[in-house]
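Below: one structure, written as C-alpha cells.
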Amino acid sequence: MIQKTKSISIRIEGVLVPTREGKTILEAAREAGRNIPTLCHMDGLQDVGACRLCIVEVGGSGRLAPACTTPVQEGLSVTINSPRLAAYRRMIVELLLAERNHVCAVCVSNGHCELQSMATSLGVSSVRFPYRYPALPVDLSQQRYVIDHNRCILCSRCVRVCTEVEGAHVWDIMGRGIHSRVISEMDQPWAEASTCTGCGKCVQACPTGAMAEKGKAVEEMVKRTDAVASAAARKGSRI
Amino acid sequence: MSKVKLATIWLDGCSGCHMSLLDLDEGILAVAQKADLVYSPLVDATEFPEGVDVTLVEGAVSSQEDVARLRTVRARSRIVVALGDCATSGNVPAMRNVVPVQRLLERIYIKGADVSPVIPSAGVPALLPQARPLREFVKIDVHLPGCPPPPKAILAVLAELLEGRVPKPLEVKFG
C-alpha cells in the first residue's frame with residue numbers, strides 16, 4: 232500500500248530541501264545529494280542509530296541528533312558538517328578502533344573495509360585513547376563463513392539483515408556496554424544454530440572483516456553490500 | 023645552508039617501513055641533498071646523537087629497551103614521526119597483547135622448540151606486558167599510518183619536514 236505523505240521542506244546548511252513527512256534526516260539529505268557519513272546504516276534495513284557517525288546539529292541550539300533515526304519536520308534546520316561534528320565523528324571512529332583489535336594489516340577486508348575507509352576520510356591517522364586489546368573469540372565452526380569478534384563494531388547490520396530480509400533471526404546482541412557481543416541463537420557456535428539457512432547475507436552486510444567467507448586471505452574479502460541492499464529493498468514486494 | 027639532521031630508528035616492527043623508505047626511488051636523492059642521516063639501522067652510528075631535527079620511528083614499544091630508546095629519541099629530536107601502523111596503533115606486535123608474557127615465552131621457546139628449550143634472558147631486554155603505540159609513552163608530532171606507509175606518503179611527509187614545515191595529515195589508510 233502506498234501511503235501519501237505530506238510534502239514539507241527542511242533546511243540543510245541553510246538551503247531549502249523539499250522532502251516528505253515520515254522520512255529521516257538521512258534520507259532527505261541523501262535524496263538531496265548531500266552525504267552524511269554512516270556505518271550502521273544500510274539501505275533497506277531499519278535504522279537503529281548504533282554507530283552515531285551520522286550525528287547532525289538540529290534547530291537553532293545545535294542539539295545533536297542521529298540523522299538516521301530522526302524524522303524530518305516542517306521547517307527543521309539541520310547542519311551536517313561543522314568543525315564540532317567533524318571532531319565528534321573522528322572521536323567515534325577512534326573509540327571504535329580502540330575498543331577491539333582492528334589489525335588492518337592482517338585482515339581479510341583490508342582495503343575494502345568501511346571502518347578503515349571512514350577513518351581515512353575523516354583524517355584519523357592515530358588514536359588518542361588507550362587501546363583495550365581485549366581477548367575475543369573467533370568462531371570457525373560454520374562450514375563456509377567465519378565470525379571474528381575482534382573486528383566487530385556492533386553495527387548490528389548482520390542482526391537486522393538476518394531478521395528483516397532472510398527472516399531467520401539467527402543473530403542478536405548479548406550483554407551491555409563494553410561487554411556487548413554478537414551471538415548466534417542462544418550464544419552457541421554458529422554451526423549449531425539450527426535457524427541459520429547459510430545464506431550469507433550477514434557476511435555480505437558486515438562493514439568490516441568481522442564476518443567473512445572462509446578461504447579468503449588478507450585483502451581478498453570484498454563484500455557484496457549492493458546485492459544485500461537490493462535484496463533488502465525488495466523485501467515484502469513479492470508475496 | 024646546513025643540512026637537516028635526519029634519524030630513523032627501529033623498535034618492535036618488521037623493518038617493512040624502512041624498506042618502504044628505501045623504496046622512494048629517485049626521491050631518495052632529493053632527501054639526501056637536504057638531509058644527513060645521522061642515526062639509523064642503515065648507517066654505522068652506535069649512539070643516538072643530540073640535536074636531531076627529524077626522527078622517524080618504526081615499530082611498537084614492546085620492551086624496556088624500546089621505552090628507553092624512544093625516550094632518548096624524544097629528548098634529542100625536534101620532530102618525532104610515528105612511521106607505520108606498529109608505531110601508531112601497535113598493529114601486529116600488539117597481537118600478543120592478549121597472552122600473558124610468561125605464557126607467550128613458554129609457548130615459543132619451550133613448547134615450540136625442537137632443540138634446547140630455554141627462555142632467553144641474558145643479553146635480551148625484558149618484554150613489557152603489552153606492545154603499545156608510541157604516543158602512549160612520548161609526544162608524537164606526526165603520525166603516518168600504513169603497513170607499510172606508501173613510499174609516496176613518506177616522501178610527501180619528508181619533503182615538508184625537510185623544509186621546516188609540519189605536514190598536514192595525509193589521507194593514508196591503516197594497514
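First to last, the protein sequences are chains V and B. Count along the first sequence from 1, add 231, and you get the number used in the working numbering. Count along the second sequence from 1, add 22, and you get the number used in the working numbering. Every residue gets a Cβ at the ideal spot worked out from N, C-alpha and C, and that includes glycine. None of these values were measured; they are calculated from a predicted model.
Beta-carbon of residue i versus every beta-carbon of chain B: anything under 9 angstroms?
i	result
P314 (chain V)	no
N266 (chain V)	no
H380 (chain V)	no
Q347 (chain V)	yes
V453 (chain V)	no
C393 (chain V)	no
L328 (chain V)	yes
T439 (chain V)	no
H333 (chain V)	yes
R469 (chain V)	Only weak support exists for where R469 (chain V) lies, its pLDDT of 49 falling under 50; the coordinates are left without a value.
Can you check whether the C-beta of residue i is within less than 9 angstroms of a C-beta belonging to chain V?
i	result
M41 (chain B)	no
K195 (chain B)	yes
P173 (chain B)	no
W32 (chain B)	no
I176 (chain B)	no
L214 (chain B)	For chain B, the structure presents residues 23 to 197; residue 214 (chain B) sits outside this window and is missing.
I50 (chain B)	no
L127 (chain B)	no
P147 (chain B)	no
L59 (chain B)	no
Using a cut-off of 7 angstroms between C-beta atoms, extract the partners of residue i located in chain V.
i	result
Q152 (chain B)	Y364
P189 (chain B)	Neighbours of P189 (chain B) on chain V: none; closest Cβ ~11 angstroms, over 7 angstroms.
Going along chain V in order, which residues have a C-beta closer than 9 angstroms to the C-beta of residue i?
i	result
T110 (chain B)	S356, S357, V358
D45 (chain B)	The contacting residues do not exist; D45 (chain B) stays about 17 angstroms from chain V at best.
Could you give the first and the last residue of the continuous beta strand (DSSP E) run that contains residue i?
i	result
S238 (chain V)	238-243
R100 (chain B)	99-105
K27 (chain B)	26-32
H165 (chain B)	164-166
S85 (chain B)	83-85
Y376 (chain V)	376-379
P173 (chain B)	Here P173 (chain B) belongs to no beta strand (DSSP E); instead the alpha helix (DSSP H) covers 173-184.
Output yes or no for whether 9 angstroms exceeds the beta carbon distance between residue i and residue j.
i	j	result
P63 (chain B)	A104 (chain B)	no
I515 (chain V)	L307 (chain V)	Residue 515 (chain V) is absent from the structure shown; chain V starts at 232 and stops at 470.
P173 (chain B)	G197 (chain B)	no
D66 (chain B)	K27 (chain B)	no
K454 (chain V)	S340 (chain V)	yes
L270 (chain V)	L346 (chain V)	yes
V377 (chain V)	C433 (chain V)	no
Q373 (chain V)	C299 (chain V)	no
A29 (chain B)	V74 (chain B)	yes
A317 (chain V)	F360 (chain V)	no
I101 (chain B)	V188 (chain B)	yes
V303 (chain V)	K254 (chain V)	yes
L177 (chain B)	V76 (chain B)	no
Could you give the first and the last residue of the continuous alpha helix (DSSP H) run that contains residue i?
i	result
L367 (chain V)	Segment: none, L367 (chain V) is in no alpha helix (DSSP H) and carries neither H nor E.
Y319 (chain V)	314-330
Give me the chain B residues within the contact set of residue i, using Cβ-Cβ distance strictly less than 7 angstroms, ordered along the chain.
i	result
V337 (chain V)	V114
P361 (chain V)	E158
Can you pull the chain V residues whose beta carbon is under 8 angstroms from the beta carbon of residue i, in chain order?
i	result
P139 (chain B)	Residues of chain V passing the Cβ test: none, with the nearest at roughly 26 angstroms.
Closer than 8 angstroms by beta-carbon distance: list the chain B residues that pair up with residue i, in chain order.
i	result
A350 (chain V)	K195, F196
Q. Between the stretch 93-123 of chain B and chain V, which residues of the former have CB atoms less than 7 angstroms from a CB of the latter, in chain order?
A. A104, D107, T110, S111, G112, N113, V114, A116, M117, N119, V120
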